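A.B. asks: Residue numbers (this note's numbering), protein chains in the order written: chain R, 295 to 679; chain C, 295 to 679.
In this text, a Cβ means the ideal position worked out from N, Cα and C, and glycines have one as well.
None of the values given here were measured: they were computed from a predicted structure.
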C-alpha cells in the first residue's frame with residue numbers, strides 16, 4: 295500500500311427532509327449567495343424548500359449556471375459576491391453548480407491578477423469563501439471533495455483545480471431529488487460515478503485489499519441499483535444507494551494508498567470542450583479504448599475486475615480482458631449511453647485535433663504509469679470509431 | 295436506507311515515516327501533553343521518533359496510562375494539564391491511551407462538578423482541548439472517532455462517552471509499529487475490529503447496499519490479512535491492510551444509514567469490569583451467544599453474512615445460521631482467542647451478577663431492536679459456558 299493523507303471534513307446530511315437542516319449549519323449573520331442553474335429547482339420544489347430554510351438569513355440569488363460551467367458566468371457571480379460583501383456560498387444543483395461555487399469561492403478572494411490562472415497555470419488557492427451544497431443530481435461527487443472543473447468558452451478550454459479550501463462545509467443529499475430527474479441525467483450520473491471508481495481502481499495492484507474491495511463495492515452497487523433508478527426514479531431506496539455511491543466514489547476514501555489513472559477524464563474533457571458531448575458520455579466513449587490500449591500495464595487489475603465485478607473467469611487472460619471490456623461497454627449501453635465516437639457523429643479529424651491540444655498543453659504521458667503518450671491517445675481514440 | 299449525518303474531520307497520515315509529519319500539524323506556540331502508556335514506546339523506537347518530531351515545541355510528558363484506562367489516572371493528567379496551561383494533547387499509544395486522552399481533553403475544561411458525570415450521567419461535553427494521536431496498536435478505531443471508554447476501579451465501572459469535540463485533529467497510522475507488537479495484541483486487534491463491523495452490520499436489512507458491501511469488505515480483508523500479520527508482524531503490507539481495516543471499522547462510514555447493535559460490547563464491558571478479561575476477548579465470548587439467542591431477528595443478515603463472508607449456502611436457514619456461528623467462532627479461535635467463559639475460568643455466578651448490574655444501570659432492552667432484555671442477556675451468557 296502507498297503512503298497517503300486522508301482528510302475530508304464535509305458534513306453529510308443524508309436523507310428525506312434534510313434540506314430544512316441547512317439553517318442549523320449556517321451562521322446567523324452570514325451574507326449568503328444562493329447559486330443555482332437553469333431553474334429546474336424552481337419546478338421540482340427544491341428552490342422552495344431551500345428558501346424556506348433560508349428564511350431570516352440575508353441572501354442573494356444568482357441563477358443560470360450552465361452545464362460545464364463557464365469562467366465568464368462565474369466571474370459575474372464573483373462581482374455580485376464582492377459588490378455585496380457576501381461571505382458564504384450555498385450551491386443548489388448538480389456538479390456544474392457546485393463546481394462553479396468552488397471557483398467563485400476561490401476567485402472572490404483571489405489575490406493574483408486573474409483567477410483564471412488557478413485553472414490555467416495551477417496557481418495555488420490561498421484562501422476561499424466557505425461553501426455548502428444541496429445536491430440535486432448525483433453524479434460527480436463534487437459535494438464531498440475539493441475538485442472543480444471550469445470551462446472557458448472563448449478558448450474552448452475545460453480545466454480543473456483542486457483545493458482543500460473549497461471542500462464544502464456541508465452537503466445535503468436528499469435522494470428524493472432524483473424522482474424529478476430526466477433519464478439521461480440519471481444514466482450520466484451512474485456512468486460518471488462508475489468511471490470515477492475505475493480511474494482509482496483499474497491501475498496496478500499495490501496490495502491495498504480494503505481499498506480494492508471498497509471500490510468494487512461501489513461498482514457492484516451501481517450495477518445492481520443503477521438500472522432500478524433508471525427504471526423508476528421514484529424508487530427511494532435505489533435512489534439512496536445510487537446517491538451514496540456517487541459521493542463515496544470520489545470523496546478520497548477509495549483513492550487512499552493506491553495509484554490513480556484519470557487518463558479517461560483527461561481525454562474525455564477534450565471531447566466536451568470541442569464537441570459539447572456530456573461529460574459522462576465522453577468517459578463511456580474513452581474508457582473502453584484506455585482498457586484496450588493499456589491492457590498490458592493494467593492486466594492484473596482488469597483480471598481482478600473481470601472476476602469480482604463480472605464473474606468472468608477464463609484461463610486465457612486476453613479473452614478475460616476482452617470480455618471485461620465488452621461487459622463494461624454493454625453496461626453503459628444498457629443505461630442508454632452510446633460508447634462510440636461515431637454514435638455522436640464526431641469526425642475522424644477530431645483525433646489529431648485532440649492530440650495536438652493535449653501535446654501543446656503538456657497533457658501527455660498520463661495515466662498511473664505515465665505511459666499514455668501521443669501514440670496511445672491516438673490509438674485510444676481510433677479504437678472508439 | 296435510514297437518514298444519517300456523517301461528519302469526520304480527523305486527518306489521517308498513513309504510512310512509513312509519517313510520525314515526523316506531526317510537527318506540521320501542531321501550532322508553534324502550543325503547550326503539548328505527550329501522553330503514553332506503560333513505556334513500550336520507549337523500547338520500540340516510537341518515543342524517539344515522536345520526541346524528535348516535537349523538537350522545538352514545549353511539551354510535558356505523562357506516562358503510565360493502563361489498559362482499560364482509569365478515571366483516577368486520567369484525573370492526575372488533568373491536574374498536570376491545568377497546572378501548566380497545556381492546550382493540546384498528543385496521545386501516543388493504543389486505544390487505552392487515546393481514550394484516556396479524549397477524557398482528559400474533555401475533563402480539563404469541564405464546567406460541572408465532577409467530570410465523571412460525563413460518563414456516569416451522560417453530561418454533555420461542551421468543550422474540549424484539541425488532540426492528535428500516534429497509533430501504536432491497531433484495534434479500537436478510536437484514532438478516527440469521538441468515542442472513549444473509561445474505567446473507574448473503585449466502582450468496578452467501565453463506561454463510555456461520545457463527542458465530536460474529542461475527535462482527533464490528526465492521527466498518524468504507521469504500520470511499522472505493528473512489527474513490535476505481541477501476538478496477543480494483534481489477535482485482539484483483529485477480533486476487536488471484526489466485531490466492531492459486526493455490531494454495525496449484523497442487525498436487520500434496510501436496503502443499504504453500499505454500507506453492507508463496505509462492512510463485508512472489512513470483514514473479508516481482516517479474514518484474509520489478519521492471519522498473515524499474526525504469522526509475521528513485520529509483513530508491512532498485511533499490517534497496513536489490517537491497520538486501515540481497524541480504522542475504517544469504526545470511523546462512521548459503515549454505520550451511516552443502518553441500524554446498530556452494540557449489545558456484544560455492552561455485555562462484554564461487564565466481563566472486563568468484573569474479571570479483567572481483555573476487551574476483544576470479551577467480545578469473542580459474547581458475540582456467538584448474541585448470534586444464537588437473537589437469530590430470529592437477525593436472520594436475514596446472518597444469512598447474508600454466511601453467504602458473502604463464509605460462502606455458506608444451505609437451503610435450511612437454521613443450518614446456515616449454525617454454520618455461520620461456527621465459522622465465526624473458528625475464526626477467533628484460529629487467532630488464538632478463546633471464546634468460552636469457561637476458558638477464562640469465570641464462575642457461573644457471574645451471569646446473575648452481570649444481569650443485576652445491567653438491570654440496575656438500565657442497560658437492558660439493548661440491541662438494534664431493543665429486544666435484548668434480562669432473559670436474553672442471561673441466555674446469551676449461559677450459552678457461552
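From residue 416(R) to residue 530(R), what distance separates their C-alpha atoms?
C.D. replies: As a first step, residue 416(R) is located in the first chain; it is residue number 122 there, counting from the start. As a first step, residue 530(R) is located in the first chain; it is residue number 236 there, counting from the start. Computed Cα separation, rounded: 40 Å.
A.B. asks: What are the residues of the stretch 516-546 of chain R that lie near chain C, defined by any Cβ-Cβ distance shorter than 7 Å?
C.D. replies: Residues passing the 7 Å Cβ filter: 518, 519, 531, 534, 535, 538, 539 and 542.
A.B. asks: Report buried or exposed for residue 551(C), applying the criterion of at least 16 other Cβ atoms within 10 angstroms of its Cβ.
C.D. replies: Taking the first residue of the second chain as position 1, residue 551(C) is located at position 257. When all chains shown are included, residue 551(C) counts as buried.
A.B. asks: Can you grab the Cα-Cα spacing for the pair residue 433(R) / residue 437(C), in whole Å?
C.D. replies: Indexing the first chain from 1 puts residue 433(R) at position 139. Indexing the second chain from 1 puts residue 437(C) at position 143. Cα to Cα, the separation comes out at about 31 Å.
A.B. asks: Once DSSP output is grouped into helix, strand and coil, what is the label at residue 457(C)?
C.D. replies: Taking the first residue of the second chain as position 1, residue 457(C) is located at position 163. If DSSP states are grouped into helix, strand and coil, residue 457(C) belongs with coil.
A.B. asks: Do residue 634(C) and residue 548(C) have their CB atoms nearer than 8 Å?
C.D. replies: Within the second chain, numbered from 1, the residue matching residue 634(C) stands at position 340. Within the second chain, numbered from 1, the residue matching residue 548(C) stands at position 254. No, the Cβ-Cβ distance between residue 634(C) and residue 548(C) is not below 8 Å.
A.B. asks: So within the stretch 473-538 of chain C, which uninterrupted alpha helix (DSSP H) runs reach at least 4 residues, ignoring any that extend past its ends?
C.D. replies: You should have 477-495 and 503-525.
A.B. asks: By alpha-carbon positions, which one of 354(R), 678(R), 575(R) and 445(R) ends up nearest to residue 397(R)?
C.D. replies: Position 103 of the first chain, counting from 1, holds the residue named residue 397(R). If we check each option's Cα against that of residue 397(R), 445(R) comes out closest.
A.B. asks: Among all the DSSP beta bridges, which residues are the ones paired with residue 441(C)?
C.D. replies: Locating residue 441(C) in the second chain gives position 147, where the first residue counts as 1. Beta-bridge pairing links residue 441(C) to 456(C).
A.B. asks: Does residue 611(C) come out as helix, strand or coil in the three-state DSSP assignment?
C.D. replies: Residue mapping note: residue 611(C) aligns to position 317 of the second chain, counting from 1. Helix at residue 611(C).
A.B. asks: Could you check the C-alpha separation between residue 559(C) and residue 384(C) for me, to the nearest Å?
C.D. replies: Counting from one through the second chain, the residue named residue 559(C) turns up at place 265. Counting from one through the second chain, the residue named residue 384(C) turns up at place 90. In a straight line, the C-alpha of residue 559(C) is about 27 Å away from that of residue 384(C).
A.B. asks: Alpha carbon to alpha carbon, what distance is there between residue 654(C) and residue 451(C)?
C.D. replies: Residue numbering aside, residue 451(C) sits at position 157 when the second chain is read from its first letter. Residue numbering aside, residue 654(C) sits at position 360 when the second chain is read from its first letter. Each residue's alpha carbon lies about 12 Å from the other.
A.B. asks: So is residue 683(C) in contact with chain R if we call contact Cβ pairs under 8 Å?
C.D. replies: Since the first residue of chain C shown is 295 and the last is 679, residue 683(C) is not available in this structure.
A.B. asks: Listed in chain order, which residues of the stretch 484-506 of chain R have Cβ atoms closer than 9 Å to some Cβ of chain C?
C.D. replies: Residues passing the 9 Å Cβ filter: 500, 501, 502, 503, 504, 505 and 506.
A.B. asks: In this structure, does DSSP put residue 593(R) in helix, strand or coil?
C.D. replies: What you label residue 593(R) is simply residue 299 of the first chain in a count that begins at 1. DSSP places residue 593(R) in helix when its eight states are reduced to three.
A.B. asks: If you compare alpha carbons, which of 661(C), 340(C) and 481(C) is closest to residue 496(C)?
C.D. replies: In the second chain, residue 496(C) corresponds to position 202, counting from 1. That would be 661(C), whose Cα lies nearest to the Cα of residue 496(C).
A.B. asks: Starting from the beta carbon of residue 310(C), find every residue of chain R whose beta carbon is closer than 8 Å, and list them in chain order.
C.D. replies: Residue 310(C) sits at position 16 when you count from the first residue of the second chain. Within 8 Å Cβ-Cβ: 297.
A.B. asks: Run down chain C in chain order and give the residues with a C-beta less than 7 Å from the C-beta of residue 303(R).
C.D. replies: Here residue 303(R) refers to the residue found at position 9 of the first chain. The answer, in chain order, is 303.
A.B. asks: For residue 603(C) and chain R, any beta-carbon pair shorter than 8 Å?
C.D. replies: Taking the second chain and counting its residues from 1, the one referred to as residue 603(C) is at position 309. No, because no Cβ of chain R sits closer than 8 Å to the Cβ of residue 603(C).
A.B. asks: Please classify residue 510(C): is it buried, with 16 or more other beta-carbons within 10 angstroms of its beta-carbon, or exposed?
C.D. replies: Here residue 510(C) refers to the residue found at position 216 of the second chain. Result: buried.
A.B. asks: Of all Cβ atoms in chain R, is any one closer than 8 Å to the Cβ of residue 316(C)?
C.D. replies: Position 22 of the second chain, counted from the start, is the residue given in the question as residue 316(C). Chain R, which has no Cβ nearer than 8 Å to the Cβ of residue 316(C), makes this no.
A.B. asks: Can you tell me whether residue 256(C) is helix, strand or coil according to DSSP?
C.D. replies: Shown here, chain C extends from 295 to 679; a query on residue 256(C) therefore has no answer.
A.B. asks: Are the stretch 309-316 of chain R and the stretch 461-474 of chain R in contact at 8 Å, needing three or more beta carbon pairs?
C.D. replies: Result yes; three or more Cβ-Cβ pairs closer than 8 Å.
A.B. asks: In the DSSP assignment, find the beta strand (DSSP E) that holds residue 670(R) and state where it starts and stops.
C.D. replies: By one-based count along the first chain, residue 670(R) stands at place 376. First-last for residue 670(R): 668-676, but that is the alpha helix (DSSP H), not the beta strand (DSSP E).
A.B. asks: Excluding the 5 residues flanking residue 298(C) on each side, which residues of the same chain have their C-beta closer than 6 Å to its C-beta?
C.D. replies: Counted from its first residue, the second chain places residue 298(C) at position 4. Within the same chain, residue 298(C) has close Cβ partners 550 and 551.
A.B. asks: Helix, strand or coil: which one does DSSP assign to residue 366(C)?
C.D. replies: One-based indexing of the second chain puts residue 366(C) at position 72. Residue 366(C): helix per DSSP, three-state reduction.
A.B. asks: With DSSP collapsed to three states, give me the class of residue 550(C).
C.D. replies: Residue 550(C) sits at position 256 when you count from the first residue of the second chain. In the structure shown, residue 550(C) sits in coil (DSSP, three-state: anything other than H, G, I, E or B).
A.B. asks: From what residue to what residue does the beta strand (DSSP E) around residue 385(R) run?
C.D. replies: For the purposes of this step, residue 385(R) is identified with residue 91 of the first chain, where counting begins at 1. Start and end: 382-387.
A.B. asks: For the alpha helix (DSSP H) that contains residue 346(C), what are its first and last residues?
C.D. replies: Along the second chain, one-based indexing puts residue 346(C) at 52. Counting along the chain, the alpha helix (DSSP H) containing residue 346(C) begins and ends at 340-347.
A.B. asks: Select from the stretch 380-406 of chain R all residues with a C-beta closer than 7 Å to any C-beta belonging to chain C, and list them in chain order.
C.D. replies: For the stretch 380-406 of chain R, which is checked against every Cβ of chain C, not one residue is closer than 7 Å.
A.B. asks: My understanding is that residue 301(C) touches residue 522(R), with C-beta atoms under 8 Å, so please give their C-beta distance in whole angstroms.
C.D. replies: For the purposes of this step, residue 301(C) is taken as residue 7 along the second chain, with counting starting at 1. For the purposes of this step, residue 522(R) is taken as residue 228 along the first chain, with counting starting at 1. Not quite, the Cβ-Cβ distance comes to about 29 Å (not below 8 Å), so this is no contact.
A.B. asks: Starting from the beta carbon of residue 512(C), find every residue of chain R whose beta carbon is closer than 7 Å, and list them in chain order.
C.D. replies: The count along the second chain starts at 1 and reaches residue 512(C) at position 218. Those are 504, listed as they occur along chain R.
A.B. asks: Cβ closer than 9 Å: which chain C residues qualify as neighbours of residue 550(R)?
C.D. replies: If you number the first chain from 1, residue 550(R) lands on position 256. Those are 306, 308 and 538, listed as they occur along chain C.
A.B. asks: Using DSSP with H/G/I as helix, E/B as strand and the rest coil, what is residue 426(C)?
C.D. replies: Numbered from 1 along the second chain, position 132 holds the residue referred to as residue 426(C). The answer is strand: DSSP assigns residue 426(C) an E or B state.
A.B. asks: Residue 300(R) versus chain C: which residues are under 8 Å apart at the beta carbon?
C.D. replies: Mapped onto the first chain, residue 300(R) falls at position 6. Near residue 300(R) (Cβ distances below 8 Å), the residues of chain C are 305, 306 and 308.
A.B. asks: Nearest-angstrom Cα distance between residue 596(R) and residue 563(C)?
C.D. replies: For the purposes of this step, residue 596(R) is taken as residue 302 along the first chain, with counting starting at 1. For the purposes of this step, residue 563(C) is taken as residue 269 along the second chain, with counting starting at 1. Residue 596(R) and residue 563(C): Cα-Cα distance of roughly 45 Å.
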